[in-house]
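What follows is a short report on a single structure.
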Amino acid sequence: MGLLHRLLSRHVKAVWRTEQDLLHRLGYARPPEAVQWISTSACDLSCPHCYSHAGKKSASELTTDEAKRLIIDEMVRLNRPTLVIAGGETLLRRDFGEIIEYAASRGVPWAIHTHGGKVEANREVFEKHPPIMAAISVDGPEEFHDQFRGKAGSFAAAMRAIRLLKHVGVPEVVAGTTITRTNADLLADMVADVLGSGADSWGFHLMTPEGRAAEHRDLLATPRQLRRVASFARRMRSLFHVELDNEWGSAGGDDAFYRDVPFVCGAGRVTCVVSANGHVMPCTTTDESESHGHVRETPLSDIWAAGFSAFRTPGDDLRFDCSDCWLQTRHGHSCRSAFFIDLLDDLPVPGVARPMLQIGLPERREVAV
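Note that the sequence shown covers residues 2 to 370 in our numbering.
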């Protein structure tokens, strides 16, 4: 069955694209698999790679009642996809427990992305209604992580959060690392911490030049760093469940070496994102010009059914291409070339020091792909 699955998986993308096109022509849309809600722009950290300008709560964020009516109730109409709740830092919402309680009462499964610092304070919620998945941000070894996040003790809090979430029964806890120029060559130094944390898997994200990250483009990993990270992930998969996340795009026939299932960009096809103030986006972008509607004006289920046509039918080469990450390619920042691995690139160069810890002092100034 393993070989059969490997052979059939090569054709999954073509079959899926044909099905999507046919459904759209007939006026139908398959329900989403997940809806991500950026529940707040509030955050108690100020990370330089943040895709938004998270820090202060927005005045127009959805209220508790709106979250219930306009998101969760609508997700019931959409056949109960997974609610992925994120931020900012979602655990700063005082109504977090009430919203999760309501989602559970409506039979909507949920997942969470958090920096982990507030997990212990919300233990009761996680014990009563464990998410199906939780992702905890881990940016590097302890000293680097705390410096990068600007808060001493944030690494230790992330490790405690992973252990607590496993203890209360979360089926999959992911240690999520966003690759930047300053941590790309520190991954080997993280192995002991990640494996010892109790996490079930390790996901490698890529920085997207939006929000605060757009002001720190010098943090984008270099092409050689991306190749080294991809090679590292490929080797690590023989020891641990490591995956390259969607921002990397497709590795074509080599996808099986980097992820469990072949890559398909799900923007507007499999998933959508509701912003903190109610805009419905194809993916995690903060550009409101990409909004396909607002949940205060149009039901989420209607937006899903009628929107995202450029992602579902031929015509717009950028949006219809499901082999690359739209979130990256809209910035001219495709990272697919990382899969063309130079086998000698991993060898240390004599006389070249490891990258410095200080933020804003990159290893070298190459133009990222």
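Glycine residues also receive a C-beta, built at the ideal position from the N, C-alpha and C atoms.
Q: Give every residue of the same chain whose Cβ lies closer than 7 Å to the Cβ of D246, excluding the five residues on either side of it in the sequence, and list them in chain order.
A: G204, F205 and H206
Q: Under 8 Å by Cβ, that's how I've got A112 and S40 pegged, so tell me the actual separation to the nearest angstrom.
A: 13 Å between Cβ atoms; not a contact.
Q) What is the rounded straight-line gap between the Cα of D325 and the Cα of M134? A) 25 Å
Q: Mind checking who T83 pairs with in its DSSP beta bridge?
A: A35
Q.
So, with DSSP's three-state summary, where would you put H242?
A. coil
Q) Would the beta-carbon of G89 fall within 8 Å of that of V139? A) no
Q: Can you have a look at M357 and say buried or exposed, based on whether 16 or more other CB atoms are within 10 angstroms of its CB?
A: With a pLDDT of 37 at M357, under the threshold of 50, the modelled position of that residue is not reliable, and no figure is offered here.
(Q) Considering only their Cβ atoms, is the gap separating A214 from H50 smaller than 8 Å? (A) Yes, these two residues count as a Cβ contact at 8 Å.
Q: For S47, I'd like the list of residues in its chain whose CB is within less than 8 Å of its CB, leaving aside the five on either flank, ordered along the chain.
A: Excluding sequence neighbours, S47 sits near A55, G56, G151 and R213.
Q. Which runs of the alpha helix (DSSP H) spanning at least 4 residues fall entirely within the region 84-127, listed in chain order?
A. 97-106
Q) Grouping DSSP H, G and I as helix and E and B as strand, with all else coil, what is E289? A) helix
(Q) By the DSSP assignment, the beta strand (DSSP E) with S138 in it spans what residues? (A) M134 to S138
Q | Residue range of the beta strand (DSSP E) that includes I180 | A | E173 to I180
**Q.** Simplified DSSP state of T272, which is helix, strand or coil
**A.** Three-state DSSP puts T272 in a strand.
Q: Keeping to the same chain, check which residues put their C-beta closer than 6 Å to that of A252; ignore five residues upstream and five downstream.
A: Y259 and F340.
**Q.** Residues bridged to G56 (per DSSP)
**A.** Bridge partners of G56: A43.
Q) In whole angstroms, what is the alpha-carbon distance linking H293 and A200? A) 36 Å
Q | Nearest-angstrom Cα separation, counted from E128 out to V169 | A | 5 Å
Q: Can you tell me which of N278, A185 and V195 puts its alpha carbon nearest to the alpha carbon of A162?
A: V195
Q.
So the candidates are P132, T314, P82 and T272; which of them puts its Cα closest to the Cα of L328?
A. Cα-wise, what sits closest to L328 is T272.
Q: Identify every residue that forms a DSSP beta bridge with V281.
A: V275
Q) Taking the alpha carbon of F264 as the point to measure from, which residue in P300, T286 and C323 has its own alpha carbon closest? A) C323
Q: Quick one: grab the DSSP three-state call for G151.
A: coil
(Q) Just to confirm the assignment: which complete beta strand (DSSP E) runs, minimum length 3, are found wholly within the region 163-237? (A) Annotation note: the region 163-237 contains the following uninterrupted beta strand (DSSP E) runs of length 3 or greater, listed N- to C-terminal: 173-180 and 202-207.
Q: State the DSSP-derived secondary structure class of H334, mapped to helix, strand or coil.
A: coil
(Q) Excluding the 5 residues flanking V85 on each side, which residues of the same chain have their C-beta closer than 6 Å to its C-beta? (A) A35, Q37 and A112
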